[in-house]
Structure formats: C-alpha cells, structure tokens
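These protein sequence lines map, in sequence, to chains A and B.
According to our numbering, the first sequence is numbered sequentially starting from 735.
According to our numbering, the second sequence is numbered sequentially starting from 3.
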Amino acid sequence: MASGKVPLDEQHVTEPCGAEGGERCLPALHPDRKEDRCFIAYRPPPIECSPALVGEFLEHAQFIADDLEWLLALPHDKFWCQVVFDESLQKCLDSYLHLAPRGLDPAMLPASPAVAEMQKRLHRSVFMTFLRMATHKESKENFITPAVFGEIIYNNYLFDIPKILDLCLLFGKGNSQLLHKMIENIFTQQPCYYNDLEEVVPTVIQVLDTILDRCGLQREGATASEPLKLGARARETPMSISEKDLGDLVLYLCDSCTTIHSFLDIFPLACSTFRSHDFVHRLASFYETVVSDMEQAVRKRSFEDKSLQDDLWRRVSHSRRKMAEIVHLLLQHTCLQPILEGSANIQIFVEDFLQTVTALLPEKRFLADYDEQFPVSDDISLLQQAFPSLDETRTSYILQGVLSAWESSGRKRPCPEHPKG
Amino acid sequence: MVPPRLTGALRSFSNVSKQDDCMVEAYDLKAKRLKRQELFSKEGLTWKKVVQFFNQHLEKSAQQTASGELRNVLQAAQQIVGADFGQETIESAAVFLFKIFYNKDQVGHEETRAIRQMFGPFPSSAAGASCAAIGGLAALVDETKLETFVLAHSSNATSGCIPFGRNISFCFDSYALDYLEGLPWDSLEEDDTSLDF
C-alpha cells in the first residue's frame, strides 16, 4: 500500500515483478495496479414481480453491490487506481445513473421486499462511491493534490454535468448537504465545469423548444403564421398526438423541471450561469405557451385509463410548481440574496431584479401562478427596506402588472394574511 | 423502458460527456461468474491445503473416512461447475463449497444463493451431497482448529479496511410529485355536459 504524507499523485510503490522475485517501482496511481474485477452494468428492477425476473435482478444486483462494497473497502491508492483505470466500473456507475428508478417515475416501487432491499443497498453504495470520488482529501495521510484531482475527475469523465444532474435527482432529496459539498468541491477544484455548464444550458433550452415543437407550438421568435405546404400533415397539438406521445411529453417536462430545480437548489452557484442565458424569461415564456395547452389536453381528452389521466394532470401541476420555483431560485440567488447581504453594487442587483420582473409582465399566466407561490409584493417590500431609494413608479407598475395578470387568469388572488393586532 | 429524461438529451446533444454507449455493454453473467471464480481461486485456501489439514489432524483410522468424504466433495463440485472444466476449477469449487459448509448443518437460502451467484444454476442434490460430506469431515476434527484453519486462509486484499462511508448517514428519501392540485373532476364533468339539444 502507498502511504506517507505525500499526495497520492506523487507517491511511488514497489511491487513484485516477474516470476523470479524481482521488483519494480511504479507511480501509486498506475493502470497496472488496477484489479481486473469486471464490473457489470446495472439493470433496473423488474416491473413485474415474477420469481424468475426477481431472481434475475437480485443475482445481477448482488454482483454490483458486492463489487462496490469491495471497492469502498479498498485503501485510498487502490480505490483511485480502480476508479481512474477501470472502464467497466465507470460503465457500471453510469448505467446506474441512467437507469436507476427515480421517485417520480411511474410505478417505481418494486413490489418485492427483497428487490427493494437490494435496490437500497445498491443506492447507498453508488452514492458512497461518488462521494469518495468527489473527495480529494480523505484523511491527513490520504489525499490528492487539488489541481491534479481536478484534472483526474475532468479528463477521465468521472463527473460531467449530466452525471451531476442525475446525482442531484437521485440522491438530493435527503442528502442535499453532502451533495452540495461534493458538487462545490468538484467545481472549485475544476473550474472547467463552469464552462461545461455554459455549454449545457443552451441544450436545456433546446429541450424546452423540443417540447414546444412536439406540441405543435411556436417557440419565441418563430413565425406564428407560417403557411403549411400543400400535402403537408397538419401541425400536431397536445389534443391530436397519440396518448403515448402526450404521456411521454408530460414525463419529459416533469423530469426536466425537477432535475433543473434539484440541481439549482443544491448548487445555487449555478444560478448565474442559467441567468446569463436569459433562462428566467425563456422559462416563463415556455410556461406561458405550453401549460394551458397541456392542461387542456390532459383534461379534455378521453383516456381509457383514468388513473393515467390523473397521473398526467399531477405531473403537469408538479411541473408548473417546479418552474415557478426555478425562477424563484434564480431571482433569489442572483438578485435578492446579494441585496439582502448588502453587496457593494446593490443598485446593480436592484436594477436587475426590477428589469427581470418587468420583462415577465406579459407572461400573465406564469406571473399569476408565480405570484401565488412567491408573492412579488413581498420581494418588493423587502427591496424597499434594503434600498429605500427604490423607484416607486417602477414598483407600482410591476405590482399593477401582477394584479392585471391575476385578472387575466380569471382567478381570485388570495388576500395577504395580516397578523392580528 | 426508461422514461424520457433531460440528462439523456444532455448526454446525446451536448459535448460534455464521454461519447460511448454504456448500454452496449453486455450483461454477461457467465463471464462475471468466471471472473469471480478466478478471483476466489487466488484468495489463499487451496484444495491441497484442505487435504493436508485433514491428513495432519486425523488418526490413520479416521483418514480413510476423510478421504472418502473429500472425494465426495470433489464429485459434488464437479456436478456444480459442469463437465467442461478441468481439475483446477473443480478443486477451486470444492474449496468454495468447503468454506460455505464447514460450519453449517444444512443447505439454507443463503448458501444456495452464494453457490448460484458463483456458479450459476446447479443441481440441488450436489449442494446437499457436498454439505453432507463437509459436515462429515468437520465432525472428525476439533471445531476450533477447523475454524482457525479456515480463517487463517481467508485473507483477501481488503480485509481489515473500514469501508468508506460506513459512518456517513445516508437518506433513502427520493423526490415525489409535489402538485398544486388534483384533476378537477367536477369541472371536467361540467365540460362534458352536452348542450346539443
């Protein structure tokens, strides 16, 4: 075993070599020190509970669980040799992130207690493996030079943005503090992840555009009344697409909103990158365009399976909530928080907040729903306290716009609760 | 079938992930079992050492009985691994069976699972026969000596290491649907009311 108070990346070990009892000196982090373990890829639990399928799952998962437990028990140097040089391990972990059931997946609960127990065992081991992989200093003796750690995790794709998003969705519910530390350390030691995030946000926006396209809705900037070619099929709508396609779109929307929300909630430092792509306005505009059509389709279409209809409705409703929460997180962390913390350039943040909310005024359905969860008047009153010279004309204009959004929605705005005097 | 996911799209359409398809990897349990057998055979205890142990610790009169039982264990091991394998594999399987059954009276669920995990489907009669033969062998020697012998040869690369994360508390909760409202069935029924008199 390599040891000493030198970083792992600078350590060397002497190992037996050849049949004649010779020895050779190797860097502690070297492919030849990897064990040939042959990790296998993960398979999700069976939907049906037949003994054959359950047995197959258990057998398969047992191998992975045993292998990961073996990996976690390895000394620091051996663990890192395995992680960096064993491709089968990376594929195994990646397959888990791809395929492990999420809490939001339809029918995600395994019916067999043995399957549930095994799934829990795997779930914990996978998380602990990623946690160890995100830790460059395990103890006083076992550590990696931070800059080298950053290179190792980035160059070997031990972490990438989709993996980090999957980790947030799979483990974030009850382990947000640990995940926050992990992700913060990853981004601190390897700032290239911020560049990757910059690259990913346009693809997230593209996903929203894809949902709009599939719903036959025009994204912002597209020509609204483009004539159809003769013989072309009529544009599909949520009412006209197949029930399965509608279901898939709702699932896609639900997963996308929950994933983005969990990531921003766990790692608020990513908020400014999303903001820099005008994500607040794009999301609000997407909401405005898609929510009503989807809700109408789910309500008015005739479903053979009423429980499916109910499930889809809840998913649209969940997505609505998450979209408002995403916008709130973005405003909270990029405008309100710095104002409340008394940042040096407070006026810039105030201006940013006012401009952003003003730009949301035309998105009436979104604004009314947002205001229901996060009253805009509360934020403005906070701003007035933190920044007394706030332009009252602008704040009145915003509050008037919020009222108008409520009126357009045809719903009654809940009265703010006043403490009894 | 995996539901459509945002991260699936990000992997496919952004340029930040390793571009290989982990799903192409075969779920080859046969290869995995062979690898497990190979790793087990390097763990320390060999069939030769087992035979030596009984030769050293038994009177001449008991040695004949032991030889018969050792043969039975090898025979059962052959039935479990199949006829296609050589003596080395059979002996390694016999050691595996020995480690499983040396302190057991019968073939329980755990033992069946462990054998299946290592060798795949196997005839249950062979497991029963090996359990009985190993029980016969264990009855011939002092229990503590046998235990010490097996443990002394059970060292592996990770023994003595505390698994990472053992003391870290982990929460199994997962995100659930957090919806504002259920489907408004009442208004739905109103919508369906036909006004076509």
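Quick reminder that beta carbons are idealized off the backbone N, C-alpha and C, glycines included.
From a predicted model like this one, the values you see are computed outputs, not experimental measurements.
Checklist entry - Should I1132/A and V1084/A be called a contact, given that it needs their Cβ atoms to be closer than 7 Å? => result A distance of 7 Å or more separates the beta carbons of I1132/A and V1084/A.
Checklist entry - Distance, Cα to Cα, N890/A vs V860/A? => result 18 Å
Checklist entry - Cβ-heavy atom distance between A848/A and the ligand NAD below 6 Å? => result Although the ligand NAD was asked about, the structure shown includes no ligands whatsoever.
Checklist entry - To the nearest angstrom, how far is it from the Cα of S1111/A to the Cα of S996/A? => result 26 Å
Item to check | Segments assigned alpha helix (DSSP H), at least 4 residues, entirely inside the segment 900–925 of chain A | outcome: none
Checklist entry - Taking the alpha helix (DSSP H) that R1009/A falls in, what are its first and last residues? => result C1005 to S1010
Item to check | Beta-carbon contacts of P1002/A that lie in its chain and below 6 Å, excluding the five residues immediately before and after | outcome: H1067
Checklist entry - Since S1053/A contacts C988/A with CB under 8 Å, what's their CB separation in whole angstroms? => result S1053/A to C988/A, Cβ: 5 Å. Contact.
Item to check | Where E183/B meets chain A, residues with beta-carbon distance less than 9 Å | outcome: The answer, in chain order, is W1047, R1048 and S1051.
Checklist entry - Got a sec: is the Cβ-Cβ distance from T150/B to anything in chain A below 7 Å? => result It does not: the Cβ of T150/B has no partner Cβ on chain A nearer than 7 Å.
Next on the checklist: Using beta carbons (cut-off 7 Å, strictly below), is Q119/B in contact with chain A?
Outcome noted: yes
Checklist entry - Is any beta-carbon of chain A found at less than 7 Å from that of P123/B? => result no
Next on the checklist: Give me the chain B residues within the contact set of Y986/A, using Cβ-Cβ distance strictly less than 7 Å, ordered along the chain.
Outcome noted: Those within 7 Å of Y986/A in chain B are P6.
Next on the checklist: Does V4/B pass the burial test, meaning 16 or more other C-beta atoms within 10 Å, or should it be called exposed?
Outcome noted: exposed
Checklist entry - Mind checking whether W814/A and L763/A have CB atoms under 7 Å apart? => result yes
Checklist entry - Among C1149/A, L760/A, E769/A and C826/A, which one has its Cα closest to the Cα of D22/B? => result C826/A
Next on the checklist: According to DSSP, is A1127/A part of a helix, a strand, or is it coil?
Outcome noted: The residue you asked about is not Ala; residue 1127/A is Thr in the sequence shown. Note: T1127/A maps to helix in three-state DSSP.
Next on the checklist: Measuring straight from C-alpha to C-alpha, what distance separates S19/B and R13/B?
Outcome noted: 6 Å
Checklist entry - Counting contacts by CB-CB distance shorter than 7 Å, is F797/A in contact with chain B? => result yes
Checklist entry - Under 7 Å between the Cβ atoms of T944/A and L838/A? => result no
Item to check | Cβ-based burial, L903/A [other Cβ within 10 Å; buried from 16] | outcome: buried
Item to check | Within 8 Å of chain B by C-beta, residues of the segment 770–784 of chain A in sequence order | outcome: D770, R771, C772, I774, A775, R777 and P778
Next on the checklist: I need the straight-line Cα distance from S1036/A to L182/B, nearest angstrom please.
Outcome noted: 23 Å
Item to check | Same chain, Cβ closer than 7 Å to F98/B, five either side skipped, listed in chain order | outcome: Closer than 7 Å at Cβ, skipping near neighbours: F42 and M120.
Item to check | Where G122/B falls: helix, strand or coil (DSSP) | outcome: Three-state DSSP puts G122/B in coil, outside helix and strand.
Next on the checklist: Between P778/A and P840/A, how many whole angstroms is the CB-CB distance? I'm expecting something under 8 Å.
Outcome noted: Their Cβ separation, rounded to whole angstroms, is 13 Å, which puts P778/A and P840/A out of contact at 8 Å.
Checklist entry - Going along the chain, which residues of its own chain have a beta-carbon closer than 6 Å to the beta-carbon of E885/A, five neighbours each way excluded? => result none
Checklist entry - Given that K34/B touches chain A, what residues does it touch there, using C-beta distances under 8 Å? => result Against chain A, the beta carbon of K34/B has neighbours under 8 Å at C772, I774 and F797, listed in chain order.
Next on the checklist: Is the separation between the beta-carbon of A135/B and that of E71/B shorter than 7 Å?
Outcome noted: Yes.
Item to check | Residue span of the alpha helix (DSSP H) that contains L980/A, given as start and end | outcome: E977 to I1000
Next on the checklist: Using beta carbons (cut-off 7 Å, strictly below), is G84/B in contact with chain A?
Outcome noted: no
Next on the checklist: At the level of alpha carbons, what is the spacing between L985/A and L1046/A?
Outcome noted: Straight-line spacing of the CA atoms in L985/A and L1046/A works out to 8 Å.
Item to check | Cβ-Cβ separation, F15/B to T937/A (assumed contact under 8 Å), whole Å | outcome: 5 Å
Next on the checklist: I want to see whether chain A comes within less than 7 Å of C163/B, judged by CB atoms only; does it?
Outcome noted: yes
Item to check | Inter-residue Cα distance where the pair is R73/B and P847/A | outcome: 40 Å
Next on the checklist: Check this for me: beta carbons of L1017/A and M973/A, under 7 Å apart or not?
Outcome noted: no
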